[in-house]
Amino acid sequence: MIKGFILAAGYSTRLRPITEHIPKPLMPIAGEVLLEWIFKNLNALTTEIGINLHYKAKKIEDYIKKQNLPLKTFYEKEILLTGGALWNAKNFLKDSVFVVHNGDIYSDANIKEAAKWHIENENSITLLVHDYKPHNKLIVDKDGNLLGIGNSDKSHLAFSGIAIYSPHVLELLPEGPSSVIDLWMRAIKNGFRVSTFKIKYSFWFDIGTPGDYASAVFDKLKRNFTSVYIHPSVCGCELIEPEGKIVVERDVKINKPFKGKNIIILPETEFTPENDYLSNLIIGKNFMIPFETPPIETLTSGGSDRKYLRENNKVFCKWEKLSEDFEKTIALNRFFHEKGFPVPKILEVDINKKTIAFEDLGDLTLYSWLQCRRRDKKIETIYKKILENIGKLHWGISKQAKNLNLLEFDYSYFRWESNYFLQECVKALFKIDENLEEELHSIAEILSKAKKVILHRDLQSQNIMLKEGKVYFIDYQSARWGPAGYDIASLLWDPYVKLNDEMRIRLVNFYIKSHELDEKAFLEELSLCRIQRHMQALGAYGFLSLKKGKRNFLKFIPDAIDLLIKDLEECHIDFSRLKNLVFNIKKQIFNI
């Protein structure tokens with residue numbers, strides 16, 4: 001049996017004036033409350049979890065009751081510090097190993113693995129640690145045992161804010177206030193083993209200061225492939241013109257338009273900006289707190305293996321190794337600029353460093369822009385701009401590109417995509433082994449014979465940037481000769497975005513009429529392209545989540561499956577085996 005304990009009694013002075021209104025454990029992180037996240041992380045290990053309370057105790061207790069969190073509360077009349085908190089709860093903790101989690105740590109650390117190691121090695125105390133240079137103060141021996149604490153040449157690890165204790169160490173605690181650091185030292189002096197365990201995580205933040213809090217919030221945006229989070233209860237989000245990261249929490253009311261960059265608006269705030277442009281601010285009830293952003297910023301890379309950094313108003317894309325895509329990006333960029341197709345300008349190329357520097361278009365993708373509820377008319381206007389530009393690529397620029405060295409979307413490539421779906425999604429994710437040879441052959445055979453134009457090839461909402469009312473296209477290095485319907489399917493039936501069917505019909509008709517296409521022939525091509533594209537997307541989501549560890553892609557699978565079901569139901573050809581397979585996957589998702 002293991003128990004958990006959350007340290008949540010502190011005054012959080014470094015976060016004032018925020019914590020005069022919101023106690024630190026209840027700080028929101030783009031729609032997620034820190035306390036609930038910590039509880040969820042501990043709850044994967046144990047159902048018995050305690051929490052100490054002092055500062056803003058009633059607010060935290062009310063929240064626990066409202067959310068029906070099964071937490072046992074330990075109120076401290078006077079604040080007892082980190083060691084005293086354990087002494088105060090010793091009757092709860094004394095009969096099992098227990099995990100203590102600081103109430104200001106936001107992390108997905110693998111606590112379960114550490115707890116197993118602690119028990120197997122019969123440690124008295126295990127400190128979960130990492131190499132985090134600003135906080136490296138733990139001095140350990142070659143076996144990872146704690147020797148002491150201090151700033152010295154020997155200090156090479158940092159405490160993560162999470163520790164595991166065996167119950168016998170509670171006897172070392174004095175009555176009243178004390179520090180767990182004193183407990184660690186006392187345990188070593190008494191011959192108990194105080195060891196360290198290097199934790200694995202994809203993110204870790206101590207949200208003790210406004211800047212650290214903002215970093216945690218914006219990192220969550222990046223992990224969710226967006227630069228904007230707007231809570232559904234917000235009123236007036238359309239009045240914000242994002243020029244960078246924007247987070248607006250629950251029950252906020254915006255009264256006046258403004259441009260914003262790196263803005264967090266806290267819950268229950270009514271905000272009337274005094275300036276037309278705001279940046280690097282945390283905004284709450286009657287206060288605004290400035291914070292600094294790092295000079296070098298890591299940007300989201302979605303499903304790509306390339307790394308993106310922002311520095312000195314340039315976006316640097318770094319390849320792991322020089323490849324055909326590196327050269328293709330440069331060649332296509334020059335070609336597209338020459339023909340007037342809107343892609344970001346290349347400012348520098350460094351072959352030795354394997355980097356390309358692009359002009360900075362900001363953070364606002366179509367996907368991010370759509371995180372705020374928009375009127376249909378405004379959404380349709382943006383999509384028409386995109387279709388005008390992509391139509392120019394398909395039916396204008398393509399005619400001027402006879403000598404452009406692009407691969408073709410041929411039969412073998414269509415089959416590669418459908419096999420990718422079978423292997424990385426159907427088999428790897430849902431454990432289904434299905435033979436769809438005849439139907440997948442038929443789709444590839446028909447589409448490989450369609451008229452070919454230059455395709456963007458990955459025309460989804462995260463690859464379209466919006467800046468000052470203009471649209472730009474990124475991640476275009478996969479461009480190929482292929483059927484135009486593939487790009488239209490990628491754009492209008494994007495699993496990342498929920499467009500209504502009536503708008504899709506209007507936009508498809510707009511595209512057809514703009515280029516005087518044969519309506520029946522194009523709609524039949526589009527019908528098959530929708531199926532093909534959603535198989536490709538599902539294969540990618542499976543591969544990226546299971547093989548690349550990018551688990552956030554799993555959340556897009558249910559919508560992609562629903563779209564694929566609709567594709568098959570509306571298709572002019574009956575693919576009964578594929579339809580049956582997708583319905584079986586849908587049942588699995590529903591049962592999960």
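In full-length UniProt numbering, the protein residues as written are 1 to 592.
By construction, the Cβ of each residue, glycine as well, lies at the ideal position given by its N, Cα and C atoms.
Taking 8 Å as the limit between beta carbons, can you name the residues of its chain near residue i, skipping five residues before and five after?
i              : result
leucine 581    : Val426, Ile432, Glu434, Leu436
serine 124     : Tyr165, Ser166, His168, Val169, Ala187, Phe192, Arg193, Val194
isoleucine 592 : Unreliable placement is indicated for isoleucine 592, whose pLDDT of 45 sits below 50; the coordinate value is still reported in the next sentence. Around isoleucine 592: no qualifying Cβ.
glutamate 417  : Gln532, Met535, Gln536, Gly539
Would you kindly report the start and end of the unbroken beta strand (DSSP E) that includes residue i?
i                 : result
arginine 310      : 307-311
serine 195        : 194-198
isoleucine 464    : 464-467
threonine 298     : 297-299
isoleucine 474    : Here isoleucine 474 belongs to no beta strand (DSSP E), and DSSP marks it neither H nor E.
methionine 1      : That residue, methionine 1, is in no beta strand (DSSP E); it is neither H nor E in DSSP.
residue 598       : Nothing about residue 598 can be reported from this structure: the residues present for the chain run from 1 to 592 only.
tyrosine 277      : 277-284
phenylalanine 287 : 287-290
lysine 229        : Checking the sequence, you will find tyrosine at residue 229 rather than lysine. That run of the beta strand (DSSP E) goes 228-230.
leucine 138       : 138-140
valine 169        : Looking at the DSSP string, valine 169 is not in any beta strand (DSSP E), and its letter there is neither H nor E.
isoleucine 246    : 246-248
Using the C-alpha atoms, what's the distance from residue j back to residue i?
i              : j                 : result
lysine 56      : methionine 27     : 13 Å
serine 478     : aspartate 325     : 8 Å
aspartate 360  : glycine 244       : 11 Å
proline 290    : phenylalanine 225 : 25 Å
tryptophan 117 : lysine 198        : 11 Å
leucine 157    : aspartate 131     : 5 Å
leucine 370    : glutamate 20      : 33 Å
arginine 551   : asparagine 41     : 16 Å
leucine 422    : alanine 115       : 38 Å
cysteine 237   : glutamate 270     : 12 Å
alanine 214    : isoleucine 296    : 15 Å
valine 180     : lysine 24         : 20 Å
valine 217     : isoleucine 29     : 5 Å
isoleucine 474 : isoleucine 386    : 13 Å
lysine 328     : asparagine 403    : 14 Å
valine 252     : glutamate 274     : 17 Å
residue 610    : alanine 163       : For residue 610 there is no data in the structure shown, the boundaries of the chain being 1 and 592.
glycine 144    : threonine 196     : 5 Å
serine 398     : glycine 340       : 12 Å
glycine 539    : glutamate 424     : 5 Å
isoleucine 531 : tryptophan 395    : 23 Å
lysine 94      : glutamate 171     : 9 Å
valine 247     : tyrosine 277      : 16 Å
Can you name, in chain order, every residue of its own chain whose Cβ lies under 7 Å from the Cβ of residue i, other than the five neighbours on each side?
i             : result
aspartate 182 : Gly83
threonine 355 : Phe316, Cys317, Lys318
lysine 586    : Ile561, Ile565
glycine 284   : Ile18, His21, Leu266, Thr269
With DSSP as the reference, identify every bridge partner of residue i, one or two as the case may be.
i                 : result
isoleucine 240    : Phe258
valine 129        : Phe159, Lys198
isoleucine 29     : Glu32
leucine 53        : Tyr75
cysteine 235      : Lys253
asparagine 145    : Ser195
lysine 314        : Glu311, Glu359
phenylalanine 271 : Ile254
Along the alpha helix (DSSP H) that carries residue i, what are the first and last residues, could you check?
i              : result
valine 497     : Counting along the chain, valine 497 falls outside any alpha helix (DSSP H), and DSSP gives it neither H nor E.
asparagine 333 : 324-339
methionine 185 : 180-189
aspartate 206  : Premise fails: aspartate 206 lies in the beta strand (DSSP E), 204-206, not in any alpha helix (DSSP H).
glutamate 570  : 557-570
valine 217     : 210-223
leucine 347    : Taken as a continuous stretch (DSSP letters only), leucine 347 belongs to no alpha helix (DSSP H), being part of the beta strand (DSSP E) at 346-350.
glutamate 20   : 18-21
tyrosine 367   : 366-369
Beta-carbon within less than 6 Å of residue i's beta-carbon, same chain only, minus the 5 sequence neighbours each way: which residues are those?
i             : result
leucine 564   : His534, Val582
arginine 383  : In the sequence under discussion, the amino acid at residue 383 is tyrosine, which differs from the arginine named in the question. Once the five neighbours on either side are set aside, the close Cβ partners of tyrosine 383 are Leu507.
glutamate 48  : Lys3
leucine 71    : Ile49, Ile51, Ile64
threonine 272 : Asn255, Lys256
Exercise. What are the complete beta strand (DSSP E) segments, minimum 3 residues, inside the stretch 395-461?
Worked result: Taking 3 residues as the shortest admissible run, the stretch 395-461 contains the following complete beta strand (DSSP E) segments, listed from N- to C-terminal end: 453-455.
For this session: Could you name each continuous alpha helix (DSSP H) segment of 4 residues or more that falls completely within the stretch 57-113, going from the start of the chain to the end?
Result: Contiguous alpha helix (DSSP H) elements confined to the stretch 57-113 occur at 57-66, 81-88, 90-93, taking only those with 4 or more residues.
Exercise. Which residue spans inside the stretch 510-545 form an unbroken beta strand (DSSP E) run of at least 3?
Worked result: Runs of the beta strand (DSSP E) inside the stretch 510-545: none found.
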